[in-house]
Amino acid sequence: MAETVTSAEGQELGRRVDALKKDIAAVAGLAKEKVVSDTTAWVKEHPTAAVGIVAGLAAAVGFALGLLVGRGRG
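Just so we're aligned, residue 22 is where the sequence shown starts under my numbering, counting upward by one.
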C-alpha cells in the first residue's frame, strides 16, 4: 500500500521545491515592488487625499485605543 521514495526521487523533489520557493520569492518581490511604486505614484498625484486617509486612519486607531483604555479603567 505505502509507496517508497528512492533517494534520487527525493533529491529531485527537493530540487523542485527549492526552485518553486525561488520562483515564489521572485513573484512576491515583483508584486511588492509594483504595489510600492504604484502607491507612491498615487500619493504624488493626490497628496491631499493621502493626508486625509492617513489622518482618518490615525483617528480610528486613536478612537479604538481610547475605547480599550476606557474599558480597562471602568
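All C-beta atoms in this analysis are idealised placements derived from N, C-alpha and C, irrespective of residue type, glycine included.
In this structure, the CA atom of Thr69 is about 22 Å from the CA atom of Phe84.
Distance from the CA atom of Leu88 to the CA atom of Val75, rounded to whole angstroms, is 20 Å. For the 8 Å CB-CB criterion, Ala71 and Val64 form a contact. The DSSP-derived three-state label of Thr69 is helix.
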